[in-house]
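Encoded as C-alpha cells, the structure appears first; notes follow it.
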Amino acid sequence: MPAAYCCKYCGAGPDRGIRTSSGLHSHIMQSKYCRARLEREVVDSNIDSSDDESPRNLENVPHEPAEVVMIDEAPFNLPSDIPDVPDVPPTSYRVTIEEVEDVDAPQRPATDDTQGDFFLETFDGEAGTPIGKGEGTFQKLRREQKVNGQDPWYPFESQDEWELARWLILSGVSQEKMDAFLKLNAVQKGIDPAFHNARSLLKRIDALPQGPGWTCTPIRVVGNILGKDGNPLVEEVEMWHRDPVECVRELLENPVFKGNQNYEPCRVFKDEAGTNRVYSEMWTANWWAELQHEKKLLPKGATICPIILSSDKTSLTRFRGDKSAWPVYISIGLTEKEVRRKSNAHATILLGYIPVCKLECFTDARRSLEGYKLFHECMRMMLAPLVQAGREGVEMMCADGLIRLMFLILAAYIADYPEQCLVVGCKENSCPKCTVPPKKRGDHLVYSLYRDPNETAELILEQINGDSQEEFRAQNLRPVRPFWDELPYCNIFECMLPDLLHQLHKGLFNDHLVSWNKKAAIGGVKEIDARFKAMPLHPSLRHFKNGISSTTQWTGNEFKNMEKVFLGVVAGITDPRVVKATRGVLDFIYYAHFETHTDESLAQLDAAWFMFHENKNIFVELGIRQHFNISKLHNIKHYLDSIRSRGTADGTNTENTERLHIDFAKQGYNASNKKDYISQMTIWLRRRESILRLTRYLEWAVPGYEAESVQSQHEDKSVRENEKDVDDGDGDNEQDDQDGSFTIAKKAPVVGADAQTLINDYGTVDVLSYIEDFLRSTLPSTCTLLTQATTFSIYKRVVLKLPPIPEVSSHHVRDVIQAVPGLPERVTKNGRKDATAGRFSTVLVRVKKSKDRRDVDHPLNGLRAAQVRAIFKLPPVFGVDEPLVYVNWFTPFREPQANTGMFAISRSTNTHVRNASVIPVSQIVRSCHLMPVFGRSKAVDLGWAPETVLEDPDCKTYFLNPYLRHHDFYYTRHLYNLHIARLEKEAREAEQAAAATRAEDSSRPASNRPKKKRKRS
C-alpha cells in the first residue's frame, strides 16, 4: 500500500488530491491557514536562533522534486496498445484509456554526480566558500523591534494603517488626491489613520529603513563655442547615482532570494559521457569557470559576483519627445534569470541616471563626439567603486545568511545596437563584438577576429594623444576613452549579449524579413493582408482582422504574434527559396528564445541561421536587396558563442529593461511637477523602495502575511485583443481532475441536454453511436443503453495544464480547449447583439503509433490532430466520471513539407463523411493551431473566414503550426529536427565505420582477406 499523505493542520488527504509529498507541500504552501500554522511551528522552534537569515522561508520544507520534462525527452512515447485511428474506420470503432507514463513525472532525486537527467561536473578550488555568518537587514530589524517593543509594521500604528499607506504610495495617486482622500469622513471615522494628509504620511515613510542612498554629482561641460565675453560657453549638468557596491549588497543579502542564488560555476551535461553540454544560467556557461578555475586569477575560496548592467535612453512623455531620462540598471548573475526577469521580484536596482542634455555649447560638428565623451565620463564615475571591489573583493552577506568574499566583475551589458556601439566605443556601421569590415557583414562565411579590450583601449588612447593609427581607423573606433578600461577582468566586447527584442523581433523580422516578403509576394501587401485575416483563431494568438499593412505603431508582442503565422501566410505566394529563408529566420528566433540549450539544440540554432544564408540571395535576384551588410543580421552570428559564454539569451533581453522604464522612469516622472524632475524622481523612488522593502520584510517576518497587488494608475492599461479573456459562460468555478492534468467547471453551463441538442448545436453527427463504441471499449460489461432520451451535461471549455519544459518554460502552461456553438443575432435587455461564430478548438490526441507503410517513424507518430465539437459528461448511471469529447479527425502526420518544414494534413473522411470518435479528455495532449494551405490561390478571392475556414469545403489542406507557442515549437519542430539530426549522425558513423573496415581490409595481404562465399548456379 502506498503511503497516505494527509495534512496535519486541516486533515486534507487523498480525497482532496494529495497523493504525494510534493502534493502535500503544495497544499500547505497554497493554503493560508495551513501555511500560517506551519510558520508558527517554525517560529516557535527557532525563536531564539540567529543562525538562519530567513526563518520564515519555507522553501526548505522536504518535498519531492518539481515535475519537469527533461531535455530531449520524447513526450509521446506511448504504449503499443492504444488503438489506431484509421482513415476508414471499422463498423465498431473503439478508443480506450490506457495507463500512459506521465509526461511530467517527477525527476530522480539528485545525487553527487547527477541532477535528474542532468550530469553535473563541479570544480576543485572551493569557489563560493563562506567565511562566516552574518546578520542581515531583516534579521537586525526584527531584533531591534523586539527590543523596543514595536510592531512589525512600525512606524505605522496598525496593519490597516500600513496597508492604506502602502496602497496610497504604490497606486501612484498625486499628493493633492491623497489629501482629498484622507479628509473623507469614511476614512477618518473608519480606519482613522494617524496621518491626515500627504505630508504626515510621507514623513512616516521617510522614517522607514532605506536602501542605497542617492548622490548628486555636478558636471561642468566646457564647450568650444565662445560667448559674448570671449570665454567658452559652459553647460552645468547633474548626474544622480548610487554606489554600485551598496546596490549589489542590497541584492545579495535579500532573504527573499534564498534558494535562488548560486555561488560557484559548474558544467552540466545531458549524458554521462559528457558529450552533450547544457547551457542555461550564467554559472553553467564557460565564462565563469574559465575566469575562476582555468585562468586562476582569483584567490582560493573567492566568489565571483557577475555584474549585469543595462541602460537605455527613454522618452518620459507619450506625445512630446522633449522630456527624456537615461536610466542605468544593475543586477547580479548569481541570481536565477527567471527571478531577474520578473519586475515584481525587484532583482534589478536603478543605479543612476545619465544626464540628458543638448550640449549647445558645442558646434554641430563636435556635439556628437562630446556626447559620447560625457556618457563614458559619467559611467566611469558611477562605476568607480567596482574597480577596487573587482580587484580586492568585498565581504558581503548572501541570501543564505552566510558571508563570502565577493569579487564584483562586469559580466554583461544589456543594450540595443546603437547603445552597444556607444558602450564599446565603435562606430555604428561596425560590429560591437568583432572586427568584421562593414562591407563584409552580410557574408556568413567571412572570418573575423573578436575585439580585444586591451588592444582597443591602447588604440583609442594613442589616437587621443595624437598618434594616429591605421588600425584605429580599420576597427572603426571613436577617440573616446572608454569607461571600462580600468574595470578588472572585464572584456566589454564579450559583455555585449543577444538582444532578442531589437535584433530579432523588431530588427531582423519586422524591419527586414517582412518588408522583403511584401515585395516578393505575388499579390503584394493586399494578398498578405487577406491571408492574415483568414487565419483561424486560437486563445493564445492575436488575430489581425485588418491585416498588417494599416498598422503604423507596433509593439514587441505584435511582432511575436505576426511570427506565429507568417510562414503559413507567405507559403505559396513567394519563391520556394524565399520560404526557406523565412523559415530559417523564424526557426532561429524560436531557438534563440530557448531558456535551456544543449549542444544539440545549439547545432539546430546554427542550422537555422545557415538555412537563411543558403537562400538569401533570392532577394538579390528579385531586385529586393543589393547586399546584406546589415548590422542586426551580422550580430546574430555571435549568438551561439554568447550562449556558450554567458548562458541563454532570455536572461539578458532588452524587453526586461523596457519594462523597468515604467517603474523607474515613467511613473517617477508622472509623480513629479515636470520641472527638475530627475531629483524628484529619486525621492519618489526612495519612498517606493521603502514601501516595497517593508512589504518583503512583513512577508518574511509575519506568518500568513501576503501583500495585495497594487496597480499604478500610470501603468499602461492597454489590452490587446488576443489577451482578452474569452467569456464562455463557465466562470471561474472550476475543479481539477484527480491527477491535476485538466480543469473543468464544477457546474456545467448546459444540463439536461439530449442527443439532438448535441447534433444540432454542436455538429456531433451520429453521436450516440460513437458513445456506444466508447462504452463498449472501456466498459464492456455495462448493460445500460443509450437512448434518444438520455441527457448530458455540456461544458464550454476544459483547461489543460501543460508540463514544464526546461527549454521553453519552467512552469505549467495553461491551455484552453473550447467547444462553444455560435449564436444568431439577438435582442437583449442591453440592446442588439451581433451574431457570434462558434469556437471549436483543434487538438493533438494520443493514438496508437501508425503501422502504415506510408508513415515515417518520428516524434509525432503517435499523435493525431482533431477538432473538438463537444465536451460533455454522461449521466452517473454509466459509471464514467471523466468528461468526454466528440472529435472530428484529420489525417495522420507523415513527412513534413520540404520548403516550410511543416506537416500538412486534411480532413479524415469516409464516403465524404467526417471520421469522428468520442474520447476521454485525458487522451488530449494539447491544443494546436491549423493554418489553411493557400497555395497559389488568392486569398482575396477565396473569401475564407477565420471562424469557419476549418470547415470550409473549399479548403482542403492545413499546416500544423509549429510557431503558435514555444511549447509547440519544441514538440512539433525541435524534436523532429533532433530526430533527423540523430539519424543522420548514426548514418555518418555507420558509413565511417564501414569505410574504416574497407580500408583495413584493403591493407591486408590478399591471402589474409576474408573469402567471399559464392553460390552454386
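Mapping of the sequence shown onto our numbering: position 85 corresponds to residue 654, and the numbering continues sequentially without gaps. Cβ coordinates follow ideal geometry from the N, Cα and C atoms, glycine included. Note that the coordinates shown come from a computational prediction; the quantities given were computed from them, not determined experimentally.
What would DSSP say about Pro1501, mapped onto helix, strand or coil? strand
How long is the line joining the alpha carbons of Leu771 and Arg909, rounded to whole angstroms? 29 Å
DSSP state of Asp985, grouped into three classes? coil
Have a look at Tyr1527, Asn998, Trp809 and His1107 and flag the residue whose alpha-carbon is nearest the alpha-carbon of Pro787. Trp809
Inter-residue spacing [alpha-carbon to alpha-carbon] between Arg1567 and Ser900: 59 Å
Could you tell me the alpha carbon to alpha carbon distance between Glu642 and Pro1375, rounded to whole angstroms? Low confidence applies here, because Glu642 scores a pLDDT of 44, under 50, leaving its location unreliable; read the following figure in that light. Straight-line Cα distance between these residues: approximately 11 Å.
With a 10 Å radius around its C-beta and 16 neighbouring C-beta atoms as the bar for buried, classify Pro1393 as buried or exposed. exposed
Using alpha carbons as the reference points, say which of Ala1103, Glu1164 and Ala1172 lies closest to Val1139. Ala1103
Candidates Lys1149, Cys1064, Thr1226 and Gly1470, of which the one nearest Asn1530 by Cα: Gly1470
Checking 7 Å against the spacing of the C-beta atoms, do Ala1270 and Arg712 come in under that value? no
Use the C-beta contact count for Lys911: other C-beta atoms within 10 angstroms, 16 or more gives buried, fewer gives exposed. exposed
In terms of alpha-carbon separation, which member of Gly1400, Phe976 and Pro875 lies closest to Lys906? Pro875
Pick out the complete alpha helix (DSSP H) segments inside the stretch 936 to 984, 4 residues or longer, and give them in chain order. 954 to 960
Could you name the residues of the same chain whose beta carbon sits closer than 6 Å to that of Ala635, not counting the 5 residues immediately before and after it, in chain order? Residue confidence is low: Ala635 scores 36 on pLDDT, short of 50, so the model does not pin down where it sits. Its coordinate-derived value is still stated next. Around Ala635: no qualifying Cβ.
Taking the continuous alpha helix (DSSP H) assigned at Met808, which residues delimit it? That residue, Met808, is in no alpha helix (DSSP H); its beta strand (DSSP E) goes Pro801 to His810.
Closest Cα partner of Ala1467 within the set Ala1089, Arg1146 and Arg1213: Arg1146
Beta-carbon within less than 8 Å of Ser1572's beta-carbon, same chain only, minus the 5 sequence neighbours each way: which residues are those? none
Return the Cβ separation of Leu878 and Tyr982 in integer angstroms, given the expectation that the two are a contact with Cβ distance under 8 Å. 5 Å
Chain-order list of residues whose beta-carbon lies under 7 Å from that of Phe725 (same chain, five-residue window excluded): Trp731, Ala734 and Arg773
Where Pro1477 sits in the DSSP three-state scheme: Looking at the sequence provided, one finds Ser at residue 1477 rather than Pro. Residue state, collapsed to three classes: coil.
DSSP three-state assignment for Phe725, whether helix, strand or coil: coil
Tell whether a beta-carbon distance below 7 Å holds between Gln708 and Ser1259. no
Reduced DSSP category for Cys816 - H, G, I as helix; E, B as strand; rest coil: helix
Exposed or buried, what is Asn1184 when buried is set at 16 or more other beta-carbons lying within 10 Å of its beta-carbon? buried
Assigned exposure category for Asn1130 - 16 Cβ within 10 Å defines buried: buried
For the stretch 1444 to 1461 against the stretch 1343 to 1350, are there 3 or more C-beta pairs whose distance is under 8 Å? yes
At which residues does the alpha helix (DSSP H) containing Gly1153 begin and terminate? Pro1145 to Ala1161
Let's test the definition: count the other Cβ atoms within 10 Å of the Cβ of Leu1432 and tell me whether it reaches 16, buried, or not, exposed. buried
Within 8 Å, do at least three Cβ pairs link the stretch 1433 to 1443 to the stretch 1319 to 1333? yes
When you compare the stretch 1164 to 1183 with the stretch 1045 to 1056, are there three or more beta-carbon pairs, one atom per stretch, that lie closer than 8 Å? no
Identify, in the order they occur along the chain, each residue of the same chain with its Cβ nearer than 8 Å to the Cβ of Asn1115, setting aside the five sequence neighbours on each side. Asp1098 and Lys1102
So the alpha helix (DSSP H) Ser1259 belongs to, where does it begin and stop? Tyr1246 to Ala1270
Rounding to the nearest angstrom, what Cα-Cα distance links Leu1046 and Ile1029 in this structure? 7 Å
Let me make sure I understand the geometry here. Which of Leu1082, His1107, Arg836 and Ile1117 has the alpha-carbon closest to that of Lys1095? Ile1117
Hey, Lys1075 and Phe1157 are a contact pair by Cβ (cut 8 Å); roughly how many whole angstroms apart? Contact flag wrong, Cβ pair sits at about 15 Å.
Roughly how many whole angstroms lie between the Cα atoms of Leu753 and Asp761? 10 Å
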